[in-house]
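S.K.:
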Amino acid sequence: MKAIVMTESGAPDVLQLQDVPQPKIKNPTEVLIKLKAAGINPVDTKIRTRGTFYPQQMPAILGCDGAGIVEAVGAEVEKFKPGDEVYYCAGGLGKPDTGNYAEYTVVEAHLLTHKPKSLTFAEAASAPLVLITAWEALYDRARLQAGQKALIHAGAGGVGHVAIQLAKLKGAEVATTVSNQDKARLARQFGADYPIIYTQTDFVKAALDWTDSQGVDVGFDTVGGKTFFETCPAIKVYGDLVTILEPDYALGTLKVARNRNLRISFELMLSPALMGLRRALEYQAEILAQCATWIDEGKLKIHLSQTFPLAEAAQAHQQIESGSTTGKIALLIDN
7 MKAIVMTESG APDVLQLQDV PQPKIKNPTE VLIKLKAAGI NPVDTKIRTR GTFYPQQMPA
67 ILGCDGAGIV EAVGAEVEKF KPGDEVYYCA GGLGKPDTGN YAEYTVVEAH LLTHKPKSLT
127 FAEAASAPLV LITAWEALYD RARLQAGQKA LIHAGAGGVG HVAIQLAKLK GAEVATTVSN
187 QDKARLARQF GADYPIIYTQ TDFVKAALDW TDSQGVDVGF DTVGGKTFFE TCPAIKVYGD
247 LVTILEPDYA LGTLKVARNR NLRISFELML SPALMGLRRA LEYQAEILAQ CATWIDEGKL
307 KIHLSQTFPL AEAAQAHQQI ESGSTTGKIA LLIDN
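The number in my numbering is simply the position in the sequence shown, starting from 1, with 6 added.
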């Protein structure tokens, strides 16, 4: 089969289209999937640059997100059958016979969810990681409730645009940071009540003005760097701050967070896969099932801004690293 193979860490050109053996079902709980699309996430570019989580098992096929058609199932698989359309977040971290930048992959059945009927394969493939990340951050870490106010950073981005929608589905009001008017309009389409153009306005002052100087109930940092620390004064006393990135303490301190008694949480949706936490992985598949229902009901949308053919995975990585994209990017797999 054709696959994009990473033989070493480095620049995008380490991603090369190659012929590799097609993976086979080895366990009775596995499913062979004929991939139609693969989502691309910033974590893919980080793994490519820094190396995989399993460097001793190179070469690797990247791509955590995929969507495709069930080709065959193991003897103990009951929920899926050949011909079913599925989407999921699985593999792509460096283990052999995993990854979705390929024509076929094998996935454990408990990681799979039926694809939203209303989405294309490319749209579906771009959705899982960001949906799970936003859900766990807002619903599980921050315990967002109806009537609360949330500040979501980068509302036109991959995680941000679905986080706005999940917050609105919970009944919260949403302010979000964006870099320009076009992205502000896009954020409003996703349901944002108050887009803040951070290049023109101090987002902390804007958030405090929006909340009568109290601060928001929940801050969701999808940017990292100084933004994590700068968000602290925008959150109310005893509020929540969730980040998907590791704070760089050379850029700030948690003094304001401590003074305001903030509850700080970290969100890394890859932890269950890296730690082999079966129940947590099943829960993530349940999240995708609920999101699929909302998508097909028209309550949740996925913004796919650009697609590339499988052979142009390196160019897709360059696009992600440019920092100018909105929504998501996916690879189209023609097999």
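Every residue, glycine too, gets a C-beta built ideally from N, C-alpha and C.
Under 7 Å Cβ to Cβ from leucine 150, same chain only, skipping five residues before and after it: list those, please.
M.R.: Here the set comprises Leu144, Ala156, Ala173, Lys176, Ala178, Val224.
S.K.: Tell me whether histidine 167 sits in a helix, a strand or coil according to DSSP, three-state version.
M.R.: Histidine 167 falls in the helix class under three-state DSSP.
S.K.: Could you say which of Asn186, Pro61, Ile170, Gly72 lies nearest to leucine 306 if we only look at CA atoms?
M.R.: Of Asn186, Pro61, Ile170, Gly72, the residue nearest in Cα terms is Ile170.
S.K.: Taking C-beta to C-beta, are threonine 51 and histidine 323 nearer than 8 Å?
M.R.: The answer is yes: Cβ separation under 8 Å.
S.K.: Provide the residue span of the beta strand (DSSP E) that contains methionine 12, from first to last.
M.R.: 8–12 is the span of the beta strand (DSSP E), which, as asked, contains methionine 12.
S.K.: With a floor of 4 residues, list each alpha helix (DSSP H) that falls wholly inside the segment 114–139, ordered by position along the chain.
M.R.: Counting only runs of 4 or more, we get 127–131.
S.K.: So, helix, strand or coil for alanine 73, using DSSP?
M.R.: Looking at alanine 73 - three-state DSSP - the assignment turns out to be strand.
S.K.: Where DSSP assigns a beta bridge to cysteine 95, which residues make up the other side?
M.R.: Paired residues: Asp71.
S.K.: Which ranges would you report for the beta strand (DSSP E) in the segment 229–293 if only whole runs of at least 3 residues count?
M.R.: Within the segment 229–293, the complete beta strand (DSSP E) runs of at least 3 residues are 241–249, 269–272.
S.K.: For isoleucine 293 and proline 278, I'd like the C-alpha separation in whole angstroms.
M.R.: About 14 Å.
S.K.: Give me the Cα-Cα distance between arginine 284 and tyrosine 94, rounded to the nearest whole angstrom.
M.R.: Their Cα atoms are separated by approximately 15 Å.
S.K.: Could you tell me whether the Cβ atoms of valine 248 and alanine 128 are closer together than 8 Å?
M.R.: No, the pair does not count as a contact, with Cβ atoms beyond the cut-off.
S.K.: So, with DSSP's three-state summary, where would you put alanine 320?
M.R.: Three-state result, alanine 320: helix.
S.K.: Suppose the cutoff is 7 Å on Cβ atoms and the five residues either side in sequence are ignored; what does the same chain contact list for leucine 20 look like?
M.R.: Residue identity differs from the one stated: residue 20 is valine in this sequence, not leucine. Result list for valine 20: Met12, Thr13, Glu14, Arg54, in chain order.
S.K.: With the cut-off set at 8 Å, would you say glycine 164 and valine 184 are in Cβ contact?
M.R.: No, they are not a contact pair.
S.K.: May I have the straight-line CA-CA distance separating aspartate 146 from proline 34, to the nearest angstrom?
M.R.: If I take the Cα positions, the gap works out to 32 Å.
S.K.: Does the segment 113–125 come into contact with the segment 248–262, if we say contact requires no fewer than three beta-carbon pairs (one atom in each stretch) closer than 8 Å?
M.R.: At 8 Å Cβ cutoff, the stretches do not touch.
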